[in-house]
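Asks:
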Amino acid sequence: MPDAADRLNDPQTRIREAVAAIEPGLVAIRRDIHAHPELGFEEVRTAGIVAAELARLGIPHRTGVGRTGVVGVIEGARPGPTLAIRADMDALPIQEATGLPFASTVAGKMHACGHDIHTTTLLGVADVLQGLAPQLAGKVVLVFQPAEEALGGAAAMVAEGVLDGVDMALGFHNAPNLPVGQFGFCRGETLAAADRFELVVGGRSGHAAHPHKAVDPIVAAAAFVSQAQTVVSREIDPLMPAVVTIGMIHGGTAPNIIPETVELKGTVRTLHPAARDAAEAALRRLAAGLDAMHRTRSEFVYRRGVPPLRNDDRVLDPAIAAVRRQLGEVVTEGRPSMGAEDFAEFAERVPAFQLRIGSGAPGRNDALHNDRYQPDEGCIGLGVQALSRIALDMLA
1 MPDAADRLND PQTRIREAVA AIEPGLVAIR RDIHAHPELG FEEVRTAGIV AAELARLGIP
61 HRTGVGRTGV VGVIEGARPG PTLAIRADMD ALPIQEATGL PFASTVAGKM HACGHDIHTT
121 TLLGVADVLQ GLAPQLAGKV VLVFQPAEEA LGGAAAMVAE GVLDGVDMAL GFHNAPNLPV
181 GQFGFCRGET LAAADRFELV VGGRSGHAAH PHKAVDPIVA AAAFVSQAQT VVSREIDPLM
241 PAVVTIGMIH GGTAPNIIPE TVELKGTVRT LHPAARDAAE AALRRLAAGL DAMHRTRSEF
301 VYRRGVPPLR NDDRVLDPAI AAVRRQLGEV VTEGRPSMGA EDFAEFAERV PAFQLRIGSG
361 APGRNDALHN DRYQPDEGCI GLGVQALSRI ALDMLA
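Residues 1 to 396 in UniProt numbering are what the sequence shown spells out, letter by letter.
The structure is reproduced here in structure tokens:
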């Protein structure tokens with residue numbers, strides 16, 4: 001039986017035992033947060049839970065960062081680099097259909113992306129690292145971020161200085177495609193830039209029986225929809241992934257009336273800057289050409305969103321090595337995704353890495369953003385172990 005001195009020198013055992021002691025309490029916190037979901041920039045109750053837990057642990061913290069974010073700081077015993085670890089707190093506008101005893105009590109809102117898991121996991125990391133502070137060389141900044149789903153919370157916190165003095169950043173996300181107990185990573189570009197566009201096609205309304213007396217914006221809009229699909233297939237390097245999606249089209253009030261306007265909205269997702277630039281330029285050109293072809297009056301707006309999330313090997317490699325030291329051969333390399341994540345705002349400014357934490361429950365085939373999503377709560381304690389060991393080893 002190892003004595004106290006042995007456990008002090010054995011970080012694997014010390015972290016595992018610390019997590020085992022707090023895991024039931026973390027699950028209870030997660031279920032409380034899950035039952036009371038809050039949308040982006042509305043996370044007042046959730047932020048209150050976070051602040052209360054940090055206060056209980058004796059961790060100095062600030063509230064109201066980026067409107068509803070919370071930032072805590074753990075000081076190591078020796079000088080060293082500063083590592084930021086980020087978790088998001090917001091829920092989605094989805095009506096929950098899980099039937100769980102701790103299901104959402106708020107109509108039309110649900111933690112269907114697992115941010116309740118993330119918030120709770122980082123609280124567990126805060127607890128473990130506060131106990132390990134005498135072994136740390138440097139500083140840990142605990143970032144509890146609002147409004148990830150709106151892709152705006154990270155930028156709001158960055159604007160208020162959350163990365164000031166930070167040398168590197170660590171993010172994480174639950175992954176239902178990985179069974180609980182497994183972890184994943186992707187080198188380089190791992191998540192896509194997410195841009196949006198809006199097109200209003202103005203015509204001249206008229207009777208369906210006399211189209212020559214009208215200017216039909218529906219025909220022009222249909223042409224744009226068709227041509228937009230050629231942007232990826234004919235204007236972007238086939239080795240650079242890109243997706244152009246038009247998810248909304250509104251126009252007309254009756255089958256026998258040519259409407260005055262049609263409105264389109266869509267998204268562009270890319271992994272590489274060159275593909276991003278090419279897609280934007282092509283869509284702008286297509287929109288500009290509509291009026292000459294169809295006699296319409298078009299207004300096109302293109303808004304760039306978050307950049308691609310790029311994992312930096314300077315953080316990725318030591319992080320993966322630390323997870324393996326703590327939990328064994330449980331980490332596998334995966335593929336990029338065309339989903340977007342505003343942790344990219346951190347990764348664009350400092351070396352960063354986002355870890356995928358398996359949350360798939362046995363016998364289930366869950367997906368994020370689904371009204372029946374039920375992650376395996378075992379991912380909380382395992383995530384705390386992995387992230388705590390990464391911080392300990394990187395700040396040794």
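The C-beta atom is built at its ideal place from N, Cα and C for all residues, glycine as well.
Verify whether the separation of the beta carbon atoms of residue 309 and residue 151 is less than 8 Å.
Replies: Their beta carbons are not under 8 Å apart, which means residue 309 does not touch residue 151 by this criterion.
Asks: Might you give, ordered along the chain, the residues of its own chain that have their beta carbon closer than 8 Å to the beta carbon of residue 229, omitting 5 neighbours on each side?
Replies: Contacts found: 244.
Asks: Could you pull the start and end residues of the alpha helix (DSSP H) that residue 79 belongs to?
Replies: Run containing residue 79: none in the alpha helix (DSSP H); it sits in the beta strand (DSSP E), 78-88.
Asks: Please classify residue 46 as buried or exposed, where buried requires at least 16 other C-beta atoms within 10 Å of its C-beta.
Replies: Buried.
Asks: What three-state label does DSSP hand residue 336 in the structure shown?
Replies: Residue state, collapsed to three classes: coil.
Asks: Can residue 94 and residue 387 be called in contact, C-beta distance under 8 Å?
Replies: No, these two residues do not count as a Cβ contact at 8 Å.
Asks: Let me check understanding here. Comparing Cα to Cα, which of 215, 282 and 132 lies closest to residue 291?
Replies: Checking every option, the nearest Cα to that of residue 291 belongs to 215.
Asks: Tell me where the beta strand (DSSP E) around residue 266 begins and ends.
Replies: It spans 261-270 - the beta strand (DSSP E) in which residue 266 sits, taken as one unbroken run.
Asks: Give me the Cα-Cα distance between residue 417 and residue 334, rounded to the nearest whole angstrom.
Replies: The question about residue 417 has no answer here: the residues shown for the chain are numbered 1 through 396.
Asks: Starting from the C-beta of residue 399, find all residues in its chain whose C-beta is less than 6 Å away, skip the five residues before and the five after it, and write them out in chain order.
Replies: Nothing about residue 399 can be read from this structure; the chain reaches only from 1 to 396.
Asks: Expressed to the nearest angstrom, what Euclidean distance is found between the alpha-carbon atoms of residue 294 and residue 223?
Replies: Taking the straight line joining both Cα atoms gives about 9 Å.
Asks: Between the C-alpha atoms of residue 289 and residue 268, what's the straight-line distance to the nearest angstrom?
Replies: If I take the Cα positions, the gap works out to 19 Å.
Asks: Do you know how far the Cα of residue 342 is from the Cα of residue 109?
Replies: Distance between the alpha carbons of residue 109 and residue 342: 21 Å.
Asks: Would you grab the beta carbon distance between residue 358 and residue 178 for me? Rounded to a whole angstrom, and I think it's under 8 Å.
Replies: Residue 358 to residue 178, Cβ: 3 Å. Contact.
Asks: How many Å lie between residue 330 and residue 339 at the Cα?
Replies: Using only the alpha carbons, I get a separation of about 24 Å.
Asks: Just confirm the distance between the C-beta atoms of residue 60 and residue 72, as a whole number of angstroms; I'd bet it's less than 8 Å.
Replies: Sure, about 7 Å apart at Cβ, within 8 Å.
Asks: Starting from residue 275, follow the alpha helix (DSSP H) in both directions and report where the run begins and ends.
Replies: Taken as a continuous stretch (DSSP letters only), the alpha helix (DSSP H) holding residue 275 covers 273-294.
Asks: One question on the structure: do residue 64 and residue 147 come within less than 8 Å of each other, judged by their Cβ atoms?
Replies: Result no, Cβ atoms of residue 64 and residue 147 do not sit closer than 8 Å.
Asks: Between which two residues does the beta strand (DSSP E) holding residue 243 run?
Replies: Note, residue 243: beta strand (DSSP E), 242-251.
Asks: If the criterion is Cβ atoms closer than 8 Å, does the pair residue 26 and residue 123 meet it?
Replies: Cβ distance < 8 Å, so residue 26 and residue 123 count as in contact.
Asks: So who's on the other strand from residue 311, going by DSSP bridges?
Replies: Residue 311 pairs with 188.
Asks: In terms of residues, what are the limits of the beta strand (DSSP E) holding residue 173?
Replies: Here the beta strand (DSSP E) through residue 173 covers 168-179.
Asks: Classify residue 108 as helix, strand or coil using the three-state DSSP reduction.
Replies: Of the three classes helix, strand and coil, the one that applies to residue 108 here is coil, per DSSP.
Asks: Taking the alpha-carbon positions, what's the residue 127 to residue 57 distance?
Replies: C-alpha separation (whole angstroms): 7 Å.
Asks: Taking just the CA atoms, how far does residue 287 sit from residue 353?
Replies: About 37 Å.
Asks: So the beta strand (DSSP E) residue 359 belongs to, where does it begin and stop?
Replies: Its beta strand (DSSP E) spans residues 352-360.
Asks: Is the separation between the beta-carbon of residue 323 and that of residue 390 shorter than 8 Å?
Replies: Yes, they are a contact pair.
Asks: How far does the beta strand (DSSP E) with residue 202 in it extend, from its first residue to its last?
Replies: Taken as a continuous stretch (DSSP letters only), the beta strand (DSSP E) holding residue 202 covers 193-202.
Asks: Is the stretch 179-188 in contact with the stretch 249-266, if contact means three or more CB pairs nearer than 8 Å?
Replies: Taking 8 Å as the limit for Cβ pairs, the verdict is that the stretch 249-266 does not touch the stretch 179-188.
Asks: Should residue 118 and residue 174 be called a contact, given that it needs their Cβ atoms to be closer than 8 Å?
Replies: Closer than 8 Å, so yes.
Asks: Are there 16 or more other CB atoms within 10 angstroms of the CB of residue 306, so buried, or fewer, so exposed?
Replies: It counts as buried.
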